[in-house]
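Visitor:
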Amino acid sequence: MLTESQPSALRGRRRGLYVFLGLLAVVLAIGAYRYWHKVPPRYKGVSRLQVDLRQPEMLLATRNLAELPKDIAAAPILAGLVDEQLVFHYEEDEARLSIEGSLRRLAYEHKIGIEDRFLSTLLAGPAEIGLWRSGKGRPEHFVARLERGVLAKLSEAFARIALDDRQLKQAGRFSVGGDQITLYALDYGAGRTLAFAGRGEHWVFLSDPALALDAEGMLTGDAEAVLGDLLRGGHPWQAKLPWSTAAQHSFVIAQQALTLGYAHFLPALAGLRLDHLNGNWQASLRLRQTNHASTHDTTSIWRSAPLGAALCTALPVDWPATAEPLAALLGKDAAIPSTLAALDPIAAVCWYAGSRLSAPLFIARAAGALPPDTGPLIARLAEKSWSVAGVKTSAQDAESQIHAATVPSRHGIRQPDGGARAFEPALAWHAGTIFFSPDRRQVDAALAVAAKQAAALGDEPGLRASGWLVFDPPQVARLVRAEVQEVLPADEESFFREVARNRLWPRLEAWGKQQQASVAVPAAAGQDGFVALEIRPLQENAR
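UniProt numbering puts the last residue of the sequence shown at 543; the count rises by one with no breaks.
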């Protein structure tokens with residue numbers, strides 16, 4: 001861990017890296033998983049939004065919800081990138097302003113005592129919030145439990161108003177400990193509705209009543225169970241997503257969100273937790289015991305990655321789990337199980353600033369020698385995957401072979417000669433290492449490292465010991481800037497480019513001055529399965 005002898009500013013930066021890692025995980029987590037909104041529930045109890053209320057994808061437990069934006073903005077790693085505008089964002093958010101406007105109307109027309117700062121008062125206290133991704137891939141669905149005495153005084157008023165109000169209606173009723181509880185729905189404009197219910201000082205808020213209702217508009221069994229537990233003061237999610245009870249804020253990401261739906265292939269990664277404690281953010285990884293040791297040495301995989309990565313992470317992979325999809329593509333082949341059995345359970349994925357976010361480099365190594373039929377198997381895999389584009393095969397030497405194709409795509413990589421955009425995926429092997437990337441340049445660079453013609457990421461002093469993630473802020477800032485430039489319209493809406501030039505670029509430049517570092521898992525997991533991550537500098541002196 002970081003020692004007291006290190007400069008306080010450097011320690012602050014490294015501790016602040018925990019926040020970035022969590023935010024990065026969140027950004028990665030809101031990816032490909034999609035829900036179908038107009039199909040029957042997959043199993044009894046699921047709402048019409050196909051959200052399982054018993055299992056949040058993310059969970060936030062905080063002692064004061066109103067202080068969370070400020071504490072995030074104060075993280076040293078975000079200095080220059082995030083400022084007080086984030087702290088006040090929710091004060092000016094359109095949805096929040098609409099809710100406040102609706103509450104003011106209710107207070108005025110129905111003569112109830114709701115003060116102007118009612119919503120701010122409501123947020124200034126403890127909260128337990130479960131989050132789910134919507135069909136758009138964003139964490140838009142939530143169920144929040146607040147403990148506020150001010151709400152208990154409004155129970156009778158809400159019941160009276162809901163009888164004939166155009167915005168506030170009753171959505172359903174259920175029983176909690178012998179008490180009849182009403183679920184209310186508040187239409188606050190633009191087709192948006194907030195649902196809530198209360199029992200004494202315990203109140204629950206739902207981002208959409210459809211989270212708790214089935215296709216017939218009836219309250220689901222899961223909703224009754226989960227909301228009832230929350231209103232009794234229970235913690236229905238803590239067993240599956242254990243948060244830190246000592247932290248001011250504790251944010252937990254479940255396995256499905258963390259692995260982007262590929263948990264089957266990454267069984268050792270069970271979750272990520274970010275805790276704000278004593279003014280600092282700390283990150284912990286939840287590991288699950290598998291047939292392969294989760295503490296496997298990662299130093300060998302870094303010796304296969306080209307130097308200069310913006311972001312690299314080593315991942316424990318269950319290679320035998322990939323046998324079924326490979327057989328579906330290639331047919332039954334004895335080379336599949338033998339090749340997969342030869343692979344080391346640790347693989348790596350790296351992003352480089354000279355390429356695209358959509359074109360990382362994947363690296364897999366064999367624990368020993370690859371079987372003789374691995375080469376033909378890789379050739380067949382490339383041919384089946386890119387048969388339409390036509391695969392070109394070339395051998396650099398007796399131990400190397402590369403298979404590549406050109407796939408036109410408007411989302412592809414810009415060509416140096418100004419030609420049409422395209423991806424050039426490449427799959428290669430050299431001795432006991434396999435490489436793949438949608439950008440052939442990355443594979444060529446990796447083959448140069450394998451041939452001892454270029455420096456490896458593992459040559460960095462900080463990676464001569466085990467590390468699971470490498471993070472280079474200057475290169476990440478460069479990669480983000482390039483991606484933003486790619487998506488901004490070239491000749492239209494010049495306003496957006498002007499904003500990026502004047503506001504985003506300077507912030508990225510300032511944020512990119514952070515120190516390059518790696519993240520290690522140095523100790524055994526605690527009783528809840530989480531183990532604190534350790535930040536180590538890759539170089540003794542900041543660049």
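Ideal placement from N, C-alpha and C gives every residue a C-beta, glycine not left out.
(1) Determine contact between the stretch 101–110 and the stretch 154–166, defined as no fewer than three beta-carbon pairs at a distance below 8 Å.
(2) So residue 271 is in the beta strand (DSSP E); what residue range does that whole segment cover?
(3) Looking only at its own chain, which residues have a Cβ that is under 6 Å from the Cβ of residue 207, when we skip the five neighbours before and after it?
(4) For residue 219 versus residue 174, is the C-beta spacing smaller than 8 Å?
(5) Cα separation between residue 28 and residue 162?
(6) Within 10 angstroms of the Cβ of residue 557, are there 16 or more other Cβ atoms? Answer buried if so, exposed if not.
(7) Per DSSP, residue 548 forms a beta bridge with which residues?
(8) With DSSP collapsed to three states, give me the class of residue 47.
(9) Determine the DSSP secondary structure at residue 392, reduced to helix, strand or coil.
(10) When DSSP builds the beta bridges, which residues end up paired with residue 199?
(11) Counting C-beta neighbours from all protein chains within 10 Å, is the total for residue 368 16 or more, i.e. buried, or is it exposed?
(12) Please give me, in chain order, every unbroken run of the beta strand (DSSP E) with length at least 3 that falls completely inside the stretch 138–188.
(13) If I follow the unbroken beta strand (DSSP E) through residue 518, where does it start and stop?
(14) Taking the continuous alpha helix (DSSP H) assigned at residue 337, which residues delimit it?
(15) Helix, strand or coil for residue 266, going by three-state DSSP, please let me know.
(16) Can you tell me whether residue 62 is buried or exposed, with buried defined as 16 or more other CB within 10 angstroms of its CB?
(17) Shortest alpha-carbon distance to residue 373 belongs to which of 439, 422 and 431?
(18) Express the C-alpha separation of residue 334 and residue 308 in angstroms, rounding to a whole number.
(19) So, do the stretch 306–326 and the stretch 347–365 have three or more beta carbon pairs nearer to each other than 8 Å?
(20) Note the first and the last residue of the continuous alpha helix (DSSP H) segment covering residue 446.
(21) Across which residues does DSSP place residue 56 in a beta bridge pair?
(22) For residue 433, count neighbouring C-beta atoms within 10 Å of its own C-beta (all shown protein chains included) and say buried if the count is 16 or more, exposed if not.
(23) Who are the near neighbours of residue 455 in its chain, counting only those whose CB is closer than 6 Å to its CB and skipping five residues on each side?
(24) If you reduce the DSSP assignment to three classes, tell me which class residue 531 lands in.
(25) Leaving out the 5 sequence neighbours to the left and right, which residues in its chain are closer than 6 Å to residue 262 when beta-carbon positions are compared?
(26) What is the DSSP secondary structure of residue 293, reduced to helix, strand or coil?
(27) Whole angstroms is fine: what's the gap from residue 516's alpha carbon to residue 475's?
(28) Using a 10 Å radius around the Cβ and a threshold of 16 neighbouring Cβ atoms, would you call residue 38 buried or exposed?
(29) Please report how far the alpha carbon of residue 50 lies from the alpha carbon of residue 211, in whole angstroms.
(30) Is residue 65 closer than 8 Å to residue 152 when the C-beta atoms are compared?
(31) Put residue 249 into one of helix, strand or coil per three-state DSSP.
(32) Closest to residue 452 by CA distance: which of 483, 327, 305 and 485 is it?
(33) Classify residue 170 as buried or exposed, calling it buried when 16 or more other Cβ atoms lie within 10 Å of its own Cβ.
(34) Can you give the Cα-Cα distance for residue 124 and residue 197, rounded to whole angstroms?
(35) Helix, strand or coil for residue 64? Go by DSSP, reduced to three states.
(36) Use the C-beta contact count for residue 495: other C-beta atoms within 10 angstroms, 16 or more gives buried, fewer gives exposed.
Guide: The structure says:
(1) A contact is defined here as three or more CB-CB pairs under 8 Å, and the stretch 101–110 meets this definition with respect to the stretch 154–166.
(2) Residue 271 -> beta strand (DSSP E) spans 269–277.
(3) Sequence-distant Cβ neighbours of residue 207 in its own chain, meaning closer than 6 Å and more than five residues away, are 141 and 142.
(4) Contact: yes.
(5) Any answer about residue 28 is weak, because its pLDDT of 41 lies below 50 and its placement is not dependable; what the coordinates show is given next. Taking the Cα positions, residue 28 is about 41 Å away from residue 162.
(6) Because the chain here runs from 1 to 543, residue 557 falls outside it and cannot be looked at.
(7) Within the shown structure, residues of the chain are numbered from 1 to 543, placing residue 548 beyond reach of any answer.
(8) In the structure shown, residue 47 sits in coil (DSSP, three-state: anything other than H, G, I, E or B).
(9) It is a strand residue.
(10) Per DSSP, 202.
(11) Exposed: under 16 other Cβ atoms inside 10 Å.
(12) Listed in chain order, they are 141–147 and 168–176.
(13) Per DSSP, residue 518 belongs to the beta strand (DSSP E) from 517–520.
(14) Under the DSSP assignment, residue 337 falls in the alpha helix (DSSP H) whose first and last residues are 335–342.
(15) Here residue 266 sits in coil by DSSP.
(16) Buried, because 16 or more other Cβ atoms sit within 10 Å of the Cβ of residue 62.
(17) Closest option to residue 373, Cα to Cα, is 431.
(18) If I take the Cα positions, the gap works out to 38 Å.
(19) Short answer: they touch.
(20) Unbroken alpha helix (DSSP H) run through residue 446: 440–450.
(21) Note: residue 56 is not bridge-paired with any residue in the DSSP secondary-structure output.
(22) Its Cβ being crowded by 16 or more others within 10 Å, residue 433 is buried.
(23) Shown here for residue 455: same chain residues with a beta carbon closer than 6 Å to its own, the five before and five after excluded, namely 307 in chain order.
(24) Looking at residue 531 - three-state DSSP - the assignment turns out to be strand.
(25) Contacts found: none.
(26) Reliability of the predicted coordinates at residue 293 is poor, the pLDDT of 46 falling under 50, and the value obtained from them is presented with this limitation in mind. DSSP, reduced to helix, strand and coil, places residue 293 outside both helices and strands of the structure shown, so it counts as coil.
(27) The alpha-carbon atoms of residue 516 and residue 475 are separated by roughly 9 Å.
(28) The predicted position of residue 38 is uncertain, since its pLDDT is 33 and thus under 50; a value taken from the coordinates is nonetheless stated next. With fewer than 16 neighbouring CB atoms inside 10 Å of its own CB, residue 38 falls in the exposed class.
(29) In this structure, the straight-line span from the alpha carbon of residue 50 to that of residue 211 is close to 8 Å.
(30) In this structure, residue 152 sits away from residue 65, with a CB-CB distance that is not shorter than 8 Å.
(31) Strand at residue 249.
(32) Out of 483, 327, 305 and 485, 305 has the C-alpha closest to the C-alpha of residue 452.
(33) Classified as exposed, residue 170 has fewer than 16 neighbouring CB atoms from the shown chains inside 10 Å of its CB.
(34) About 19 Å.
(35) Three-state result, residue 64: coil.
(36) Residue burial is scored here from C-beta neighbours: residue 495 has fewer than 16 other C-beta atoms within 10 angstroms and is therefore classed as exposed.
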